[in-house]
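A.B. asks: Going line by line, the protein sequences match chains A and B.
Residue numbering for the first sequence follows my numbering, starting at 117 and increasing by one per position.
Residue numbering for the second sequence follows my numbering, starting at 1134 and increasing by one per position.
Heads up, the beta-carbon is just placed ideally off N, CA and C, and yes, glycines get one too.
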Amino acid sequence: MDPECSRLLPALCAVLADPRQPVADDTCLEKLLDWFTAVTEAGSSLLLLQENPCLVELLFHVLKSQDLSSRILSFSLRLAGIFAAQEDCFQYLQQGELLPMLFGEVGPLGGAAWTAPAVRSGWIQGLRTLAQHPSALHFLAACGAVDTIFSLQGDPSLFVASAAGQLLVHILDLAMRGPAEGRRSPQACDWPACAQKIVGHIEDSLCSTAIPQVTQALSVLTTAFGHCHGLWTQGLWVRLSPLVARLLEKDPVPASHSLVDLLLSVARSAPSSDRGLWETLAQTLSHLSPTQAGPLALGILKLQDCFIHRLPKDKRDSWSSPAQSRAGFILRTCSAAFCHLPSGLTLWILGHPVPQALRTQAFGILLQPLACVLEAAAQAPGPPGLLEGAAADSMMVDTLLSSKSACVGLLCCALAHLGLLQPLPQRPSPWPQAPLLGAAVTTLRLCSGSAAPTSDVGGRLCAILVGCGRVQRAALDFLGALSQGTGPQELVTQVFSVLLEYLVSPESSSMVLKKAFQATLRWLLSSPKTPGCCDLDPHTQLFLRELLPVLQKRLCSPCWEVRDSGLEFLTQMTRHWGGQAGFRQALLASEVPELTKQLLRDPESYVRASAVTATGQLSSWGLCATPASPECPGAQQESLLVELLHILSTDSEGFPRRAVMQVFTEWLRDGHADVAEDAERFVAGVLQAASRDLDWEVRAQGLELALVFLEQLLGQRSSHCPYAVALPETAPPGVLDQALQVLCRVQLFEFAFRALFDCDRPVAQKSCDLLLFLRAKAAPCGSSQEAGDSPNVASVEATLQRWQAGEQGQPLGYLEPGAVVALLRSIDLEGLRDTLAESSDHVEKSPQSLLQDMLAAVGVLGENEADCY
Amino acid sequence: MPEIRVTPLGAGQDVGRSCILVSIAGKNVMLDCGMHMGFSDDRRFPDFSYITRSGRLTDFLDCVIISHFHLDHCGALPYFSEMVGYDGPIYMTQPTQAICPILLEDYRKIAVDKKGEANFFTSQMIKDCMKKVVAVHLHQTVQVDDELEIKAYYAGHVLGAAMFQIKVGSESVVYTGDYNMTPDRHLGAAWIDKCRPNLLITESTYATTIRDSKRCRERDFLKKVHETVERGGKLWARWPGGAARGSSRAGLPPPLQVLIPVFALGRAQELCILLETFWERMDLKAPIYFSTGLTEKANHYYKLFIPWTNQKIRKTFVQRNMFEFKHIKAFDRAFADSPGPMVVFATPGMLHAGQSLQIFRKWAGNEKNMVIMPGYCVQGTVGHKILSGQRKLEMEGRQVLEVKMQVEYMSFSAHADAKGIMQLVGQAEPENVLLVHGEAKKMEFLKQKIEQEFRVSCYMPANGETVTLPTSPSIPVGISLGLLKREMAQGLLPDAKKPRLLHGTLIMKDSNFRLVSSEQALKELGLAEHQLRFTCRVHLHDTRKEQETAVRVYSHLKSVLKDHCVQHLPDGSVTVESILIQAAAHSEDPGTKVLLVSWTYQDEELGSYLTSLLKKGLPQAS
């Protein structure tokens, strides 16, 4: 521990122990515990207590004091736990009988303070930290803590109840781990007493008729299978699975959500070779209501991913083939459930793959709601539906029609679950892409009221869903996800038609429109190219002709969200299709480019920023608004540059200015024609505007642009990581001198040196990187050595010192290239970089600062304590 | 039993990180989504994993409601919607919708600036989050879905702050957010109608405080600023000793420059109006600057939302908009080095980064200067340090900054005090009250006061604790016109003071309840009518023959029931209205006769009366 902290600690402990002194800030105690955790992790807790006896004294004092606040009591319990986590320190505290007094019946547990949730929480957290060694287990048994933890599982505080469950799992894991672990039988006779007690309690709870108790037991087991990877968990499942299966015999199934969580946790953690688990899963699927079964079905279908996601990538690719997963392979090469590969990656032992029948059953559950929708809306018997012609489950139809909320909930879940499944490699195969597309389109039509179902169920569904924004949003997300697959042209046409319907509809809310734009973009970008031609296919071109007038209308929407979503859509579309003739023709024939330009003056800054990005993108592809006069084709482009510069210098908001800087950087990087014409003038103008900006992100972006310019003059950096300055190859002297001349002319150094002492850390950091790069390029060049003693350098150094002191009023003046190189050598850039790597408030956040603040707050608190924002 | 459940994830017996989950009639609503500025790790946000253990957040939550733009009420919103994955609607008032992203952006910039945090929400996320917002007008009832509706009421506190009523059927909850029951310089007082909610969730920041007049605080503030920039030290001696911290102020040279660290919006505008008006009135010349480029946008919104300000501003804005500041100009970084007197508003408000900290470092060494902290500072900030009297601050690179400038603290936070909270409870007349956003000890005091004065239950759950309130929902039932007409035909006009029984058949179909006549019910349901008769046997000691017993019964009833039609039928039975009485011999005891009494449902009352009458026996024959 820092000597200064050690010096302050006794005074602080005295303050904490004094009930008349309120604690400064509710975060202070938390931060203090963080610090003690860090200190004890780095060294011996015993030594810490011996060197700072005030800490033990504080704990004793807390026990004696009657009117201490619950916060201090909770803090003390957690603090004791941190110290006792090391076994020797635990023994030391035990000698003084401190731990039983804190955590046993005689402590806060039996007192009035126990009514405060903070104290109960502190008690649990203290024990959780303490329980790290066998002595702790004995202690827990001796002080009867486990029974208290059982009762805290039903605590009125969610936090306490949840922590109690986690603590039980932690204790169980601690008790079961160790040399005998692999040899323990599922029959608990050879399990440690503590584990037997906990498992017995879980068994009793599972058999209970009280649902909260069943829930508690299931959630403890879920945590155990989710977090503990010892072989003992398999034994535990063998022992408890009959009781879990028995829950399915009850109607309704109690604590169904928790049951689903448990089964999935077991399936993910311990792929079992026995068939029991899969049978239980199948039974559960059939016993639960459609709404409850959805998450379980999704979990089952995602299971294979769990099996392989911890493998190294090369193995994953070769092992994920269906043949291998179907064959199933079990790698049992070590006694633990997993082993560590040399690369540090964890390799799961793979169990039997999920039986195909179970996957089919699960997939059927996810598909059922959409199958109902398809069936209900069908005008006439059509092609096979989602479930191979099977009639929609009557229970599903009942659920869908029972109430609006049930229908909306079920459909949204099904759409979201299928959307999550769609991109996964282990999604069911064959994937019913066409019926799913049909279902998504039908759902959207039911919601918009454009579907005209003839059946009774269809009519009722239509009445429920019409205008339902929630289902519209979910269906649009799902439709977007389906763009990754293909579909029959007829269906794809329907997809575009329904998307257009939504984009046109005045009923569409801004969020629905945003999702419609996103889905449209995904479908457009995934549309197939015409074979042998790099241009867009005729269907897409046709759609574009219909879409652009809609986009035009949306860019004039009174709602800023809609204008902005439209601009974002346009930017993305242009980025991908800027070079496609079909797109260019359609766009230039529309008023979209002109409108986009007009939006540069939008009252809403978000829209202005998006308009800047969109116009920048359009301009990059030569798609900006048509030139004003045929005689002067460059006039419009030039005016855009001027307009963007004007925004950079005058816009009162940061977003548009930042967007301008990003566009300019991109233009410079890509060699935009107007920039390339006179790059020097361009860079000088932009840097001048950026240097005056009050928004540090604009200044930082200015440095990014400066770096691009530097790289163009002097050559690329070897690493793309902005904070990893590798040593670049030095530039040839001739090139360097010329480049430095240019850099001096554009006043890049004035900008960079000013930024080096910027009050905003990221700006200074970026500038430091830039100057380090420049120095590495220029350093070996000895031609300017003598410049180090010139009067120019001395005056610049003096100015820089003033800047560093915060006085940035004085300009640097014109710099000679030689002076620049000399300056670069004289400034300790590495030292500065190290300083900047720390957070700007690291001093204020230090433990010493924390202790000083807590002590300083004593006595002055009364004046400010009641205040808040 | 239907119930309302409330679980604070934040603001339960604490101030900061407001986030309260309410379940009402099967609907789940999150009230506020705030962050704690005192933490820089995950603890700054509420633990959203407790909202639902299984399933998606968007499926579980019906909506999120944000009461106002302060970060302890909305700071976690982009994290919740864009990083945790909530995709449903977010409701807030229009000013909150406009101002919220500015503060979120401001905070994001500071967080990234200070620590270079990568795992933090981005500008794009703030924008995407704001696109999910649905703006709510004051007193407008907004249907979230077919059953859930919300309504906003004026809360004062800051521009756009609102209290929200959440209603499902006949059950309702009111959440106050932060509010102020006294008008201030630019905002009016909170107001709510007598909506009698099942539960009122109210903030209790000043649960035990009766606050002094804000005018006094304003006067003090102006005096300090004025003396600093204009008059100099001769007035220091007259200041109350309690205001001075650290060194004695008497005999100090004239102070010059005043730094007021503020967050870009809210209190900054209030103080700007204060100084602007004062400068105008006193014809002062010292410049006032606002350090960030945000003034323009902030003031633009304040101008735009004039209807949300107080009456005075609303009345006068045609002649002069109070938010068009003549004396307050944009700050340039070079001005900080100018020697003359000036007042600078700089962000951030806790002196923990950026411009305010930079200016503070420049000015701190001069005892002529002054810093006024108009709000709360969390531990770990320079603001917190100087407020607790620390005068030697260690800065980066082991530099020590000696703070010689004068440090003042003036609270301008606008919350209802104990009196105001009681006033609001009285105004809304809730069935139950739940306290949040306050300290446990103070809440305890207020809880007792509320329970005593209003005779309602008051709760104060800690974070993570759930309060469950049983409710008795009233279920609307439609009555058929035919049934009502039949009742009216009986000639009696409805009288609220004399409730009458109305018989009918309740049909429950498709979640609808209708009361119709039994005939109509039978017709609608296609059912045949079955007569149901109640029967009872009464044993009488009578040695006479059955016929004679029946005559005695007839005579007795005829004499007792003068208003009813009592008949003796030829078969020997007696009838009273629909009630039939027959006498029979007892199978075992010839001295006992059995009277069989039967009646219809409609004459149940009379049937019961007759039975009890006959059980008393017949009068002896004279």
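1. According to DSSP, simplified to helix, strand and coil, what is G992 of chain A?
2. Do the segment 1677-1687 of chain B and the segment 1625-1645 of chain B touch if we need at least three Cβ pairs shorter than 8 Å?
3. What residues from chain A crowd round V1515 of chain B, counting only those whose CB sits closer than 8 Å?
4. Determine the burial state of T1274 of chain B: buried for a count of at least 16 other Cβ atoms within 10 Å of its Cβ, exposed for fewer.
5. Along the chain, where does the beta strand (DSSP E) that runs through H1697 of chain B open and close?
6. Can you give the Cα-Cα distance for Q1735 of chain B and S1745 of chain B, rounded to whole angstroms?
7. For chain B, check one thing: does any of its Cβ atoms lie closer than 8 Å to the Cβ of S192 of chain A?
8. Do you know how far the Cα of K1448 of chain B is from the Cα of A1467 of chain B?
9. So for T766 of chain A, helix, strand or coil by DSSP?
10. Across which residues does DSSP place H1672 of chain B in a beta bridge pair?
11. Rounded to whole angstroms, what's the CA-CA distance from L393 of chain A to S372 of chain A? Just pull it up for me.
12. What are the boundary residues of the beta strand (DSSP E) that F1423 of chain B is part of?
13. From the DSSP output, read off the bridge partner residues of D1550 of chain B.
14. In three-state terms, what does DSSP make of Q701 of chain A?
15. Comparing alpha-carbon positions, which option in B:D1278, B:G1171 and B:H1548 lies nearest I1343 of chain B?
16. Taking the alpha-carbon of L1190 of chain B as reference, which of B:S1214, B:D1205, B:I1199 and B:H1169 has the nearest alpha-carbon?
17. Do you know whose CA, among A:S374, A:L830, A:R123 and A:Q182, lies nearest K893 of chain A's CA?
18. Kindly list the residues whose CB is nearer than 6 Å to the CB of G732 of chain A, restricted to its own chain and excluding five residues on each side of it in sequence; keep chain order.
19. Please identify, using Cβ separations under 9 Å, the residues of the segment 796-823 of chain A that lie next to chain B, in order along the chain.
20. May I ask you to report which of helix, strand or coil DSSP gives D871 of chain A?
21. Counting only beta-carbon separations shorter than 8 Å, does A1486 of chain B have a partner in chain A?
22. Quick one: any contact between the segment 1581-1589 of chain B and the segment 263-271 of chain A, if contact means 3 or more CB pairs under 8 Å?
23. For N1161 of chain B, write down the residues that DSSP places opposite it in a beta bridge.
24. Starting from V276 of chain A, find everything on chain B with Cβ-Cβ shorter than 9 Å and list it in chain order.
25. Just grab the DSSP bridge partners of Y1542 of chain B for me.
26. Do the segment 1197-1204 of chain B and the segment 170-189 of chain A touch if we need at least three Cβ pairs shorter than 8 Å?
27. Give the C-beta separation of Y1308 of chain B and L1164 of chain B to the nearest angstrom, bearing in mind that I take them to be a contact with Cβ-Cβ under 8 Å.
28. Count the other C-beta atoms from every protein chain shown that fall within 10 angstroms of the C-beta of A439 of chain A, then say buried if there are 16 or more, exposed otherwise.
29. Does the beta carbon of T1140 of chain B sit closer than 8 Å to a beta carbon anywhere in chain A?
30. Determine the contact status of T1361 of chain B and V1391 of chain B, defining contact as a CB-CB distance below 8 Å.
31. What does P272 of chain A touch in chain B if you count any residue whose Cβ is under 7 Å from its own?
32. Can you tell me the Cα-Cα spacing of L482 of chain A and V1155 of chain B, whole angstroms?
33. If we ignore side chains and look at the alpha-carbon of each, how far apart do H1672 of chain B and Q1715 of chain B end up?
34. Which stretch, first to last residue, makes up the alpha helix (DSSP H) that contains K1582 of chain B?
35. Just verifying my parser: in three-state terms, what is the DSSP assignment at T400 of chain A?
36. Measure how close the beta-carbons of Y1212 of chain B and F1254 of chain B come, nearest whole angstrom, since I'm counting them as under 8 Å.
C.D. replies: Put simply:
1. Only positions 117 to 985 of chain A appear in the structure, and residue 992 of chain A is not among them; the question remains open.
2. no
3. E960
4. exposed
5. Careful: H1697 of chain B lies outside any beta strand (DSSP E) and carries neither H nor E.
6. 18 Å
7. no
8. 39 Å
9. helix
10. B:V1727
11. 16 Å
12. I1421 to F1423
13. B:Y1339
14. helix
15. B:H1548
16. B:S1214
17. A:L830
18. V779
19. R808, D809, L810, D811, W812 and E813
20. Reading the sequence as shown, one finds Ala at residue 871 of chain A and not Asp. In this structure, A871 of chain A counts as helix in the three-state DSSP scheme.
21. yes
22. no
23. B:S1156
24. G1597 and E1598
25. B:M1506
26. no
27. 5 Å
28. Since pLDDT at A439 of chain A reaches only 34, below the 50 mark, its modelled position is unreliable, and the value read off the structure follows with that caveat. Classification for A439 of chain A: exposed.
29. yes
30. yes
31. E1598 and T1599
32. 30 Å
33. 12 Å
34. A1573 to F1587
35. helix
36. 5 Å
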